[in-house]
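> Here it is: the structure, laid out below.
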Amino acid sequence: MKRLIIIAAAAENNALGKDNDLVWHLPDDFKRFKALTTGHKIIMGRKTLESFPKALPNREHIAITRDTNYTPKFPCTVVHSLEQAIDLVGDHETAFIIGGGEIYKQSMAVATDIELSRVHDTFEADTFFPEIDEKYWSLVQEEHHPKDDRHQYAFTYLTYSKK
Numbered sequence: 000m001k002r003l004i005i006i007a008a009a010a011e012n013n014a015l016g017k018d019n020d021l022v023w024h025l026p027d028d029f030k031r032f033k034a035l036t037t038g039h040k041i042i043m044g045r046k047t048l049e050s051f052p053k054a055l056p057n058r059e060h061i062a063i064t065r066d067t068n069y070t071p072k073f074p075c076t077v078v079h080s081l082e083q084a085i086d087l088v089g090d091h092e093t094a095f096i097i098g099g100g101e102i103y104k105q106s107m108a109v110a111t112d113i114e115l116s117r118v119h120d121t122f123e124a125d126t127f128f129p130e131i132d133e134k135y136w137s138l139v140q141e142e143h144h145p146k147d148d149r150h151q152y153a154f155t156y157l158t159y160s161k162k
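Quick note on numbering: numbering that gives the first Met the number 0 labels position 30 of the sequence shown as 29, and the sequence is numbered without any gaps.
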């Protein structure tokens, strides 16, 4: 079965970022993102793709844009809808949906799992993560990460599966 996993870090107020950038720096969360997504396809919107200085190593990038003339700044697959992106994922493959806000919203109906790092604070933002409706999602794992000298904020890894 095809697995489509939404992966995100969002604040208590669902803030994801501002001005196409994250509003916190959490090294262990980056490490977990890398460990989970390496070797898989990553699906993202154009703005998320453009927020990267270069391609993330050992991952196949699939960027979604409405612009039919879009030229990415590094080699990747460009599609024009979430459905086209999902069609590129094989029946026994896992792909990660890595943002941004609009792509997360569209993918809530088709995702099989959510890996959410809940940052325990609120932030001013211009991009937000959608609400997780517990009618459709079960929290299956939870792991708290305290604030420390490398992490300005405490956060919790939350793993959800579609009911």
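Where a beta carbon is used, it is the ideal one built from N, C-alpha and C, also for glycine.
What are the start and end residues of the alpha helix (DSSP H) that includes G100?
Here the alpha helix (DSSP H) through G100 covers G100 to S106.
> Ignore the nearest five residues each way along the sequence and tell me which others in D125's own chain have a CB closer than 8 Å to its CB.
Within the same chain, D125 has close Cβ partners G16, K17 and D18.
> Going by CA-CA distance only, name the one from N12, I4, A34 and Y103 that's closest to D120.
The shortest Cα separation from D120 among N12, I4, A34 and Y103 belongs to N12.
> What residue range is occupied by the uninterrupted beta strand (DSSP E) comprising Q140?
Unbroken beta strand (DSSP E) run through Q140: W136 to H144.
> Quick one: is V139 buried, meaning 16 or more other Cβ sit within 10 Å of its Cβ, or exposed?
Exposed, by the Cβ-count rule.
> What first and last residue would you give for the alpha helix (DSSP H) that runs through R117?
Looking at the DSSP string, R117 is not in any alpha helix (DSSP H); the run it does join, the beta strand (DSSP E), is D112 to V118.
> Which residues in the same chain as C75 place their Cβ atom closer than 6 Å to its Cβ, once the five residues preceding and following it in sequence are excluded?
Cβ within range, chain order: H60 and A62.
> So S106 and L3 are supposed to be a Cβ contact under 8 Å. How far apart are they, rounded?
S106 to L3, Cβ: 7 Å. Contact.
> Let me know the alpha helix (DSSP H) ranges lying completely inside the region 3-77, each 4 residues or longer, listed in chain order.
For the region 3-77, whole alpha helix (DSSP H) runs of length 4 or above, ordered along the chain, are 26-36 and 45-49.
> Which of helix, strand or coil does DSSP assign to A153?
DSSP places A153 in coil when its eight states are reduced to three.
> Report the option in K72, A108 and I85 whose CA atom is closest to the CA atom of K40.
Residue I85 is the option with its Cα nearest to K40.
> Taking the straight line between their C-alpha atoms, what separation do you get for P26 and H150?
Going from the Cα of P26 to the Cα of H150 covers about 7 Å.
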